[in-house]
Every structure is written in C-alpha cells, then in structure tokens.
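Please read the structure below before turning to the comments.
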Amino acid sequence: MLDSAKRPENANRRLSASARSDVPAFMVMDVMAAAARLEAAGRRIIHMEIGQPAAAAPTTAIAAARTALASGQIGYTQSLGIASLRRRIARHYAERHGAEIDPERIVLTTGSSAGFMLAFLAMFEPGDRIAIASPSYPPYRNVLTALGCEAVPLEVTAATRFALASQALLEAHGKRPLKGVLVASPANPTGTMMTSDALATLIRAAEGEGIAFISDEIYHGLDYAFPAQTALNISADTVVINSFSKYFCMTGWRIGWMVVPEALVRPIERLQQNLFISVPTLSQMAAEAAFDGRDEMEAVKHGYEVNRRILMEGLPGAGLDQFLPVDGAFYLYADVSHFCSDSLEFARRMLEEAGVAVTPGADFDPVHGRRFIRFCYAGATADVGEAVERLGAWLKRR
C-alpha cells in the first residue's frame with residue numbers, strides 16, 4: 009500500500025465531480041428543507057411548494073401490496089414490466105381515450121423520471137437539441153444537460169394560451185435543427201393545458217420536420233377546464249410518459265410507464281436491463297390494483313377542484329390577481345412582479361413571515377421566472393383556505 013506522502017500528485021483529482029454532474033439543484037427541494045427547519049423550531053408551515061398529493065394511494069393498491077408482502081415472493085420481473093399490468097394500462101387507454109394500444113409497446117419505469125432518462129438515451133445523441141416550453145419542469149433541461157444534450161427553451165405567452173406553438177417550434181428549428189420536442193399538458197408549473205387542436209397541430213408540425221415528439225402526460229386525469237388529450241390519439245410515432253404518482257397519489261412508490269413506437273421497444277428494454285434491471289415488483293403489483301380505486305381518486309380530484317376554486321377566488325382579494333389559466337394538474341402560477349423583482353426573495357419572506365411555503369418561478373424559468381411563484385393546491389382544503397388568509401394579512405403588512 010502506498011504511503012500517503014508517496015501517492016501520485018493527481019490522486020485527489022480522481023475524486024472531483026464530473027462536468028456533466030454540474031446541474032442546478034431542484035429548487036423546490038431546497039424550499040422543503042427550509043420549511044422543515046422552521047417546523048423543527050416549532051412553526052406551523054402550510055406546504056404549497058412540493059407537487060405531491062396529500063392523499064394516500066388507493067386502498068386497493070395498499071391491499072394488493074400487503075397481500076404481495078405476505079406471500080414473500082418479491083423478486084425481479086421482466087425488464088419491460090409485469091405483463092398483466094402492461095395489459096391493464098393498455099385497457100386504460102381504451103376506456104379513457106378510445107385508443108387501441110398494443111401492450112407490447114408499454115414499458116414500466118421507476119417513476120416518470122426513469123422514463124425520461126430512458127427516452128432521452130434511446131432517442132438522442134450527445135449534442136442533440138431538444139425543445140422544451142419555458143417555463144417547464146426543471147429536470148427536463150437538467151437531465152438533458154447531464155446526458156450531453158442541449159435543452160432549447162421556447163417561451164410560451166398569452167398569445168398561444170401559454171402553450172408551445174408550432175410556429176415557435178419551426179422558427180427555432182429553422183435557426184438550428186432540433187432533434188426532439190417535449191411538452192406537458194397539463195403543464196408543470198403553470199397548470200395550463202393544450203387543446204386537442206393545438207396539440208395535434210404541434211405534433212404534425214414536428215413530425216413534418218422529422219422532430220421526435222415526447223408527450224409528458226403525468227397529470228392526465230387531473231383536468232378541470234376541458235378533457236386532456238393523449239398524443240397517442242394523434243400519432244403512433246410519439247413517445248408518451250406517464251406515472252401513478254399524481255392522479256393515483258403514489259409518488260413514493262416510484263412507478264410510471266411509457267408508451268413507445270415499436271422500433272424503440274427493444275432499445276429501451278436493453279437500457280432498462282442494464283440501468284435498472286426491472287421496476288420495483290411491489291410497486292407494480294400495487295399499481296395494477298390502483299386502477300380499481302378510481303372512485304377514491306375521483307373524490308380526491310374533487311378536493312383539488314375545491315382547492316383550485318379557493319385560490320382562484322381568494323388570491324385576487326389577497327393581492328395576487330395575475331396568474332396563468334388554471335386548467336389542470338394542481339398548480340397555480342402567479343405573477344408577483346407588482347410586489348417585487350425577485351420571486352426568490354418574495355418566496356423566502358413568505359415562508360419566514362407568513363408561514364406559507366411556495367416555489368419560486370426561477371426553478372422553472374431561468375429568464376422570466378423571478379416574476380412568478382408556483383402554488384401547489386394538492387393539500388388539505390382547510391390548509392389552502394388558511395394560506396389565502398395568511399397571505400392576505402401578510403401582503404397588507406408589506
């Protein structure tokens with residue numbers, strides 16, 4: 009063994025982080041940590057920062073997990089996932105969207121997060137450029153960056169109802185070619201949705217230029233203004249990513265799925281075999297049973313609708329009267345620029361002085377995000393009402 013004094017001069021360099029790991033922190037997790045510190049000091053904090061349902065998973069899912077645990081048989085599954093669950097997801101598309109999907113095109117994933125990584129690895133090469141809406145979910149750009157791709161943010165505005173429009177996509181592609189585009193409807197952080205016509209127009213424009221299309225449908229089922237459309241009803245060449253986390257309230261179970269074109273099934277299966285082997289078996293068993301808990305989940309969704317109404321009616325009275333269309337998911341994206349020029353500081357003071365935790369818009373949009381904050385209304389209705397009252401009193405004191 010080498011004496012420490014005799015080690016090569018470059019030994020310590022081996023411990024340095026890679027350049028690809030140099031991605032921004034996920035800011036909402038920092039807000040959670042700050043809120044936890046205040047709670048540890050005895051403060052009561054209302055949590056509206058994290059995009060997580062307060063409700064539990066369906067009782068059907070929990071019962072299935074208990075039964076599976078009692079059997080003791082929790083081993084690996086096929087890398088693509090349990091066949092019966094893949095069939096059940098295909099049935100879901102037929103029941104909800106009238107779409108006939110071959111179960112062989114369905115891949116189970118460790119949450120939607122693994123789905124994005126598998127899609128990016130299977131579809132893109134280092135240096136490829138992928139368009140995303142701005143604002144959007146931060147890990148889109150951060151994971152793409154870590155994989156050596158370039159995320160290309162395209163600003164959405166009121167002119168297109170805050171949805172990514174085909175004109176903006178084609179203009180960006182004309183300046184420098186794009187390999188892919190990723191959209192979400194309902195969207196995070198805005199909660200806005202694309203109409204069926206707008207989604208179809210965008211998909212056809214992308215495919216006409218050879219731009220691969222990824223549809224993030226993780227908030228499907230949580231639509232209030234009008235029904236959400238799946239990209240699978242528009243084109244079989246799209247890649248759809250979804251999850252049991254939001255509608256089914258199973259965030260910590262880490263279970264999601266992809267629907268992919270036939271040509272990508274085997275490449276993604278090979279990646280899954282090597283990266284993850286298979287998705288947690290217990291979560292797959294619970295997820296299949298979750299489909300039988302829709303009545304419970306619809307009751308939870310009704311609670312979100314009540315919370316949504318409380319915010320939409322109460323925030324203007326509190327002084328926050330500018331926000332984007334609140335169509336779906338469980339988010340409200342509010343403009344606070346008439347109060348401050350830095351939503352980071354605004355959110356910090358709101359947490360410390362009003363006891364309400366929200367996420368600064370800079371997490372979702374590095375350019376214009378300091379004008380906005382995101383409210384998540386997936387918590388208890390009483391908490392949402394109290395938050396509005398606290399904010400009104402706090403803003404009057406400012």
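Using this note's numbering, read the sequence shown as starting at 9 and increasing by one per residue.
Backbone N, C-alpha and C define an ideal beta-carbon position, used for all residues, glycine too.
{"query": "Over the uninterrupted beta strand (DSSP E) stretch that includes Ala161, give me the two end residues.", "result": "The question names Ala, but residue 161 is Pro in the sequence shown. Here the beta strand (DSSP E) through Pro161 covers 158–163."}
{"query": "Near Gly119, what residues of its chain come up, given a Cβ to Cβ distance below 7 Å and the 5 sequence neighbours on each side ignored?", "result": "Ser251, Ser253, Arg262, Ile263, Gly264"}
{"query": "Please state if the CB of Pro143 and the CB of Phe372 are separated by a distance shorter than 9 Å.", "result": "yes"}
{"query": "With DSSP collapsed to three states, give me the class of Ala233.", "result": "coil"}
{"query": "Ala62 and Gly387 look like a contact to me (Cβ under 8 Å); what is the Cβ gap, rounded to whole Å?", "result": "5 Å"}
{"query": "What do you reckon, are the CB atoms on Ser243 and Arg274 nearer than 9 Å?", "result": "no"}
{"query": "Which complete beta strand (DSSP E) runs does the region 189–248 hold, if anything under 3 residues is left out?", "result": "220–224"}
{"query": "At a cut of 8 Å, does the region 325–336 reach the region 226–236 through at least three beta carbon pairs?", "result": "yes"}
{"query": "Runs of 4 residues minimum, wholly inside the region 326–379: which ones carry the alpha helix (DSSP H) assignment?", "result": "351–357"}
{"query": "Assuming Ile276 is part of the alpha helix (DSSP H), what are its boundary residues?", "result": "270–283"}
{"query": "Shortest alpha-carbon distance to Leu399 belongs to which of Val344, Ala127, Ser26, Gly377?", "result": "Val344"}
{"query": "Which residues mark the beginning and the end of the beta strand (DSSP E) in which Ala267 is found?", "result": "Contrary to the premise, residue 267 reads as Val rather than Ala in this sequence. Start and end: 264–267."}
{"query": "Is Arg94 helix, strand or coil when you go by DSSP?", "result": "helix"}
{"query": "I'd like to know whether the C-beta of Ala139 is nearer than 9 Å to at least one C-beta of chain C.", "result": "The chain labelled as chain C is not found in the depicted structure, where only one protein chain is given."}
{"query": "Of all the options Phe347, Phe383, Asp391, which has the alpha carbon lying nearest to the alpha carbon of Gly59?", "result": "Phe383"}
{"query": "Helix, strand or coil for Leu116? Go by DSSP, reduced to three states.", "result": "strand"}
{"query": "Quick check on Thr238: buried or exposed, where buried means 16 or more other Cβ atoms within 10 Å of its Cβ?", "result": "buried"}
{"query": "So what does Phe383 bridge to, in DSSP terms?", "result": "Leu340"}
{"query": "Going along the chain, which unbroken runs of the alpha helix (DSSP H) with 4 or more residues stay wholly within the region 300–324?", "result": "none"}
{"query": "CB-CB under 7 Å to Gly301, same chain, minus the five flanking residues each way: which ones, in chain order?", "result": "Pro66, Thr67, Thr68, Ala69"}
{"query": "Per DSSP, what are the beta-bridge partners of Ala141 in this structure?", "result": "Leu162"}
{"query": "For the candidate residues His346, Val160, Asn196, whose alpha-carbon lies nearest to that of Gly135?", "result": "Val160"}
{"query": "Among the residues of its own chain, which have a CB less than 7 Å from the CB of Ser316, if the five just before and after it don't count?", "result": "For clarity, residue 316 is Arg in the given sequence; the question names Ser instead. Answer for Arg316: Tyr232, Val334, Tyr385, listed in chain order."}
{"query": "Could you give the distance in angstroms between the alpha-carbon of Gly50 and the alpha-carbon of Ala44?", "result": "10 Å"}
{"query": "Is the CB-CB distance between Ala154 and Arg28 below 9 Å?", "result": "yes"}
{"query": "Does the distance from the CB of Ala208 to the CB of Glu225 come in under 9 Å?", "result": "no"}
{"query": "What did DSSP end up calling Ser29 once you bin it into helix, strand or coil?", "result": "helix"}
{"query": "Could you check the C-alpha separation between Val364 and His55 for me, to the nearest Å?", "result": "6 Å"}
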